[in-house]
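Following the working numbering, the numbering of the sequence shown begins with 61 at its first residue and continues without gaps.
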Amino acid sequence: MPNTIIVGAQWGDEGKGKIVDFLTEDTDIVVRAQGGNNAGHTVIHDNKKYVLHLIPSGILWPEKKCVIGNGVVIDPVSLLEEFDNLKTQGVEVSPENLAISNRAHLTLSYHRTLDSYRESGLGGKKIGTTGRGIGPTYIDKAERSGIRMADLFDEESLSEKIISKVDKANSTLEGSGAETIDSNEIINQIKEAAERLKPFITETTTYLHEQIIAGKSLLFEGAQGTYLDIDHGTYP
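And the structure:
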């Protein structure tokens, strides 16, 4: 079966969520492949308005499977808020209709703090970041020092990694007199979120390959837009 990729050709806000919702009816699996919760896909489905940030728009179709892939950076608190918001609107999110890659990276509160700190230091040359920590999360990923969904299964190692990352962030913040970050607060928050998220975490690459071989059709939902890309868009 052919696979379809929805990509924004401008700076985002092109209506990708609407197109994904339209195409989902003839699709087996909807995959979110990149970006973070700085995306906002507004969908009108069955005369109800839904705003999605991390979960693929296909979640509004009960019989469809959705996947959050390796390239997405996930704020676990934001994701769980999205779960709860959908539930109040009658949409149940479960491991049966959503899988999350074990290799997707986590956006934590120290990423947001660093994002705002760096943006404020640019003066008149601000990039216009949403302040949600997306850039700093991808920096960690490129440096091979990030925290991934798989790390949620090893509590001791997870705590050590968070402490190490927060210590590094605080060394930057202290030098400018900015307020520092409490690693224990982050650890407690992420441990609580981990218990709800663990059932969703799996090896999605193999799963998707198997589904393609089985003849299933995939719809890839892009986030943001081409002109925001650091290779093909405006720079810096």
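Cβ atoms here follow ideal geometry from the backbone N, Cα and C, with glycine treated the same way. These figures come from a predicted structure and were not determined experimentally.
Spatial neighbours of residue i in its chain, beta-carbon cut-off 8 Å, leaving aside the 5 residues before and after
i      : result
Ser217 : Asp211
Glu252 : none
Ile199 : none
Glu85  : Trp121
Thr232 : Leu174 and Tyr177
Gly206 : His165, Leu166, Thr197 and Asp200
Leu83  : Thr64, Ile66 and Leu279
7 Å Cβ shell around residue i - same chain, five flanking residues per side excluded
i      : result
Gly68  : Glu74, Lys76, Gly282, Gln284, Gly285 and Thr286
Ala99  : His113, Ala283 and Gln284
Gly254 : According to the sequence as given, residue 254 is Ala; it is not Gly. Excluding sequence neighbours, Ala254 sits near Leu212.
Ser243 : Ile222, Ile223 and Val226
Glu215 : Lys251
Ala238 : Tyr177
Same chain, Cβ closer than 6 Å to residue i, five either side skipped, listed in chain order
i      : result
Pro301 : It is not possible to answer for residue 301, since the shown part of the chain is limited to 61 through 296.
Ile79  : Ile66
His292 : Thr286
Ser219 : Ile247
Thr197 : Val133, His165, Thr167 and His171
Arg208 : Arg163 and His165
Arg92  : Pro116, Ile128, Val132 and Glu281
Thr262 : Ala159
Pick from the options that is closest to residue i, judged by C-alpha positions
i      : options                           : result
Leu257 : Glu85, Leu140 and Trp121          : Leu140
Arg192 : Glu203, Tyr177 and Arg92          : Tyr177
Lys125 : Tyr198, Thr264, Gly195 and Lys221 : Thr264
Gly118 : Asp214, Tyr198 and Asn157         : Asn157
Ser138 : Val127, Val226, Val111 and Glu203 : Val111
Asn63  : His269, Ile290, Leu288 and Pro122 : His269
Arg204 : Trp71, Asp214, Ile273 and Arg163  : Arg163
Ile290 : Gly95, Glu239 and Ala238          : Gly95
Leu146 : Lys109, Phe280 and Tyr267         : Lys109
Asn130 : Thr266, Gln70 and Ile272          : Thr266
Val90  : Ile128, Phe143, His101 and Gly72  : Ile128
Glu123 : Asn107, Ala274, Asp144 and Glu152 : Glu152
Glu142 : Thr102, Asn107, Asp214 and Ser231 : Thr102
Ser349 : Glu245, Gln271, Ile261 and Leu83  : It is not possible to answer for residue 349, since the shown part of the chain is limited to 61 through 296.
Assigned exposure category for residue i - 16 Cβ within 10 Å defines buried
i      : result
Pro116 : buried
Ser161 : buried
Ile104 : exposed
Tyr295 : exposed
Asp175 : buried
Asn97  : buried
Lys225 : buried
Gly150 : exposed
Ser236 : exposed
Ala159 : buried
Ala229 : buried
Ile250 : buried
Glu234 : exposed
Ile241 : buried
Ile273 : exposed
Lys186 : Because the pLDDT of Lys186 is 49, which lies under 50, any placement of that residue in the model is unreliable, and the number read from its coordinates should be weighed accordingly. Under this definition Lys186 is an exposed residue.
8 Å contact criterion, which residue i and residue j should meet: CB distance rounded
i      : j      : result
Lys276 : Asp88  : 4 Å
Asp135 : Thr173 : In fact, because the Cβ distance is near 13 Å, the residues do not count as touching under 8 Å.
Gly72  : Leu279 : In fact, because the Cβ distance is near 19 Å, the residues do not count as touching under 8 Å.
Proximity test, residue i beta-carbon vs the ligand GDP heavy atom, cut-off 8 Å
i      : result
Ser138 : This structure simply doesn't include the ligand GDP, nor any ligand for that matter.
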